[in-house]
Structure formats: C-alpha cells, structure tokens
Amino acid sequence: MIDIFLISLGFLLILIGIIGGFIPVIPGPPLSYAGMIFIHITTEASFQPKILIIMGVLALFATLTDYILPILGTRTTGGSRHGIFGASLGLIIGIFFFPPFGIIFGPLLGAFLAEIMNKQPSDIAIKSAIGSFIGLMFGIVFKLIVSSLIAWFAVKNLFLI
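Note that our numbering has the sequence shown beginning at 22, numbered continuously upward.
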C-alpha cells in the first residue's frame with residue numbers, strides 16, 4: 022500500500038518537474054529527482070547508485086544553469102558588463118516581483134535598460150537583450166531534457182525491467 026502511494030507521489034513529482042521545464046517558477050529537475058527518490062525507496066524499483074548520483078548532479082546543474090545562461094547569452098551577443106548586470110538584476114527582480122513571466126522578461130528588459138542607460142545604441146541593447154532571452158531558452162531546453170531523462174529512468178525501472 023505504501024509502495025503505491027510512493028510510486029504515485031514519485032510520478033506526480035516527475036510530471037510537475039517536466040511542467041517546471043516550461044514554467045520557470047517551478048524547479049523542474051529537483052522535483053523530478055525527488056520523484057525518482059520516492060520511487061527508488063519502494064520495493065518495486067531500484068536505481069543503480071551511479072544513476073542516482075548522475076541524475077542528482079544533472080538536476081542541480083540544470084537548476085543552476087537556468088539562472089546563469091541568460092547572463093552568458095547577454096555576454097555572448099556583445100552585451101557589456103552593464104548588460105550582464107542588468108540581466109542579473111532583471112532576473113532577481115523578475116523572480117520575486119513578477120513571477121512567472123518576470124523570470125522570462127526580467128533578464129530581457131534588464132539587459133536592454135542597462136545597455137541603454139550605459140549609452141549604448143539601441144541595436145546593441147537589443148542584441149544584448151536577445152542574447153539574454155536565447156540563454157533562457159537554452160536553460161529551459163536543458164531542464165526539460167533532464168526532467169524527461171529522469172522520467173524515462175523511472176518508467177524503465179518500473180515497467181520495462
């Protein structure tokens with residue numbers, strides 16, 4: 022009976038984790054990983070320790086890069102340190118004051134405004150902002166890949182072995 026509850030909870034967390042790949046305020050990979058752990062502690066499935074460690078590291082890395090990639094995108098597209106600072110500040114403000122859309126538009130707007138305030142031409146400011154947005158999109162894709170990989174391992178261990 023407890024196994025059914027833990028497996029159900031595990032798959033619910035994995036599903037919410039996959040949704041979290043699209044909705045920035047939901048920490049997708051950590052929730053998917055927590056679901057994997059709930060499934061692991063049942064008598065019905067067991068993951069190899071190596072898989073648990075790798076998935077845990079990937080979940081942590083995906084979560085961290087989700088915050089770092091918009092900043093790197095700004096830098097890669099020619100944004101100045103002001104643009105990088107603006108993207109970072111926009112991300113922080115967006116997370117706390119305008120979720121969930123602030124996480125998407127905060128770095129974009131922050132990079133643009135910081136470059137404009139730094140007297141950069143609008144085309145440079147727009148490139149900087151677009152770089153921030155591209156970085157954010159890469160973060161979303163990476164989170165989806167990690168959460169989906171965790172889901173695949175869970176289904177494989179429960180139903181295909």
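We put the beta carbon where it would ideally sit given N, CA and C, even for glycine.
- Under the three-state reduction of DSSP, M57 is assigned to helix.
- Annotation for T95: the continuous alpha helix (DSSP H) segment containing it runs P70 to T97.
- At the C-beta level, G100 and G156 stay beyond 7 Å of one another.
- Residues M76, G77, A80 and I171 of the same chain have their beta carbon placed closer than 7 Å to that of Y54, with the five preceding and five following residues left out of the count.
- In the structure shown, the three-state DSSP call for N139 is coil.
- For the 7 Å CB-CB criterion, G115 and G104 do not form a contact.
- Using a 10 angstroms sphere on the CB of E65, the tally of other CB atoms stays under 16, which defines it as exposed.
- Exclusion of the five residues before and after D24 leaves T63, T64 and E65 as the residues of its chain whose Cβ lies within less than 7 Å of its Cβ.
- CA-to-CA, the gap between S67 and I113 works out to about 38 Å.
- E136 and I58 have their C-alpha atoms some 44 Å from each other.
- K140 is classed as exposed because its beta carbon has fewer than 16 other beta carbons within 10 Å across all chains shown.
- Counting the other Cβ atoms within 10 Å of the Cβ of L165 gives 16 or more, which makes it buried.
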